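Chains as they are written, first to last, in the working numbering: chain A, 1 to 211; chain B, 212 to 422.
Even glycine gets a Cβ: it sits at the ideal position worked out from N, Cα and C.
As the structure is a prediction and not an experimental result, all values here were calculated from the model.
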């Protein structure tokens, strides 16, 4: 699929053509916990066939190193060192699709489990861009599993809750109710929570959980 | 390295042999939501290389039909029509491994998200059988995703809770605290919950959630 940068209005007119030959599709793809063998077959195929793979560091080096450098576009964000804003990423996805590019937006874990895939999907839909969501194995399940820890067990846990440890910093107050989470009696998995781990463990102890 | 328990000392000597030819390994493999493309690369490879695939109906017809009939062993259980008990399945896994068979125990979704993989793993460990857990995409994430519904969203849900709708029938009372789940303010996904859907929705309404 040819890439036509900064397309003109004429190209945009083509983009709306029924043939669908002119606009690309954006694939919001979960890469799983980082092991290339834990990519889905679909994710693996799409990475191979995509024109461009937009990614940050979260898919991990083993997966990223397998993608030809010429089709990688790093829009990495790291806690504390913001590099590309979400709105810039959204705009870039639409731009690429309108240029006729098939884009894989590769995200660590699952795009819909704290992956901001919901926001990207919404933006694409609002801009009339074709998209497909390809789920990935969330680290919330895979990380404990790698240590042979089941997140549920018939005898011990009838529910499991995944909580973001990295809420929108612009929120006035946290939407996370640690008391309610503790009261569920189920397993609690906090994602991206290392930065605030002492706060969260203190909140859960206050909520009556064993240390 | 294969481990062989319940075996004579002589067999143990074989089991520890570098060739590893005497005992098999049990792979507890999640098959994801049913689409063969959403198998992981690892799951797909293990299904190809296994001597026996022990499965129930949950992986779904599309995946099961791709497995050669001669290596499929159906230990299916269906709600209301129990066919093979969990203890029979556990015993069969150990038996096959001790016969030197490499077994894939194929489970719908993820083996550790209400998949009873934890129980099987425990049994295998207690019997000294080598095992590996291969996570799969849980339907708890994939089913909403198939309808373009993100289970979390930065603006709307800072947590997501997965709850079994199918607790151990021998439990005296449900361990599920619907009030606490509602109080989390996050997304709630009930798995295998169709049979008791009216009860659960009533419980959540009682807990103050919108209908």
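Chain A contact residues for residue i, given Cβ-Cβ distances below 8 angstroms
i                      : result
residue 352 of chain B : 110, 112, 113, 135, 138
Below-8 angstroms beta-carbon distance, residue i vs any chain B residue
i                      : result
residue 150 of chain A : yes
residue 7 of chain A   : In this prediction, residue 7 of chain A has a pLDDT of 39, which is less than 50 and means its spatial position is unreliable; nothing more can be read from the coordinates.
residue 176 of chain A : yes
residue 38 of chain A  : yes
residue 181 of chain A : yes
residue 116 of chain A : yes
residue 145 of chain A : yes
residue 41 of chain A  : yes
Given residue i as reference, the closest of the options once Cα atoms are compared
i                      : options                    : result
residue 178 of chain A : B/268, B/347, B/395        : B/395
residue 244 of chain B : B/237, B/263, B/358, B/347 : B/347
residue 374 of chain B : A/169, A/87, A/153, A/166  : A/153
residue 147 of chain A : B/282, B/377, B/323, B/367 : B/323
residue 195 of chain A : A/180, A/175, A/169, A/208 : A/169
residue 356 of chain B : A/151, A/138, A/150, A/145 : A/138
residue 201 of chain B : B/280, B/260, B/300, B/275 : Nothing about residue 201 of chain B can be read from this structure; chain B reaches only from 212 to 422.
residue 383 of chain B : A/92, A/161, A/155         : A/155
residue 110 of chain A : A/40, A/84, A/207          : A/40
residue 257 of chain B : B/343, B/378, B/397, B/307 : B/343
residue 266 of chain B : B/233, B/304, B/260, B/362 : B/304
residue 69 of chain A  : A/59, A/60, A/52           : A/52
residue 103 of chain A : A/186, A/23, A/187         : A/23
Counterpart residues of residue i in DSSP-defined beta bridges
i                      : result
residue 399 of chain B : B/372
residue 265 of chain B : B/284, B/316
residue 425 of chain B : Here chain B covers residues 212 to 422 and nothing more, so residue 425 of chain B does not appear.
residue 153 of chain A : A/157
residue 32 of chain A  : A/109
residue 251 of chain B : A/40
Interface flag, residue i vs chain A, CB-CB below 8 angstroms
i                      : result
residue 265 of chain B : no
residue 315 of chain B : no
residue 302 of chain B : no
residue 420 of chain B : no
residue 330 of chain B : yes
residue 396 of chain B : yes
residue 308 of chain B : no
residue 212 of chain B : Any reading at residue 212 of chain B needs caution, since the residue's pLDDT is 38, under 50, leaving its predicted position unreliable; the model's value is listed next. So, not an interface residue.
residue 255 of chain B : yes
residue 286 of chain B : no
Per-residue contacts from residue i into chain B (C-beta, under 8 angstroms)
i                      : result
residue 127 of chain A : The contacting residues do not exist; residue 127 of chain A stays about 15 angstroms from chain B at best.
residue 201 of chain A : In chain order: nothing, as chain B lies at least about 16 angstroms away.
residue 164 of chain A : 363, 369, 370
Rounded distance between the beta-carbons of residue j and residue i, thought under 8 angstroms
i                      : j                      : result
residue 30 of chain A  : residue 118 of chain A : Wrong, their Cβ atoms sit about 13 angstroms apart, outside the cutoff.
residue 249 of chain B : residue 351 of chain B : Contact doesn't hold; Cβ gap of about 14 angstroms is too wide.
residue 340 of chain B : residue 302 of chain B : Not confirmed; about 11 angstroms, so no contact.
residue 410 of chain B : residue 158 of chain A : In fact, because the Cβ distance is near 14 angstroms, the residues do not count as touching under 8 angstroms.
residue 316 of chain B : residue 237 of chain B : 6 angstroms
residue 415 of chain B : residue 393 of chain B : 6 angstroms
residue 404 of chain B : residue 376 of chain B : 2 angstroms
residue 42 of chain A  : residue 134 of chain A : 5 angstroms
residue 28 of chain A  : residue 107 of chain A : 7 angstroms
Residues that residue i contacts on chain A, provided the C-beta gap is smaller than 7 angstroms
i                      : result
residue 380 of chain B : Residues of chain A passing the Cβ test: none, with the nearest at roughly 11 angstroms.
Chain-ordered neighbours of residue i on chain B, where CB pairs are closer than 7 angstroms
i                      : result
residue 192 of chain A : Near residue 192 of chain A there are no residues of chain B at all, since even the closest Cβ is about 12 angstroms away, more than 7 angstroms.
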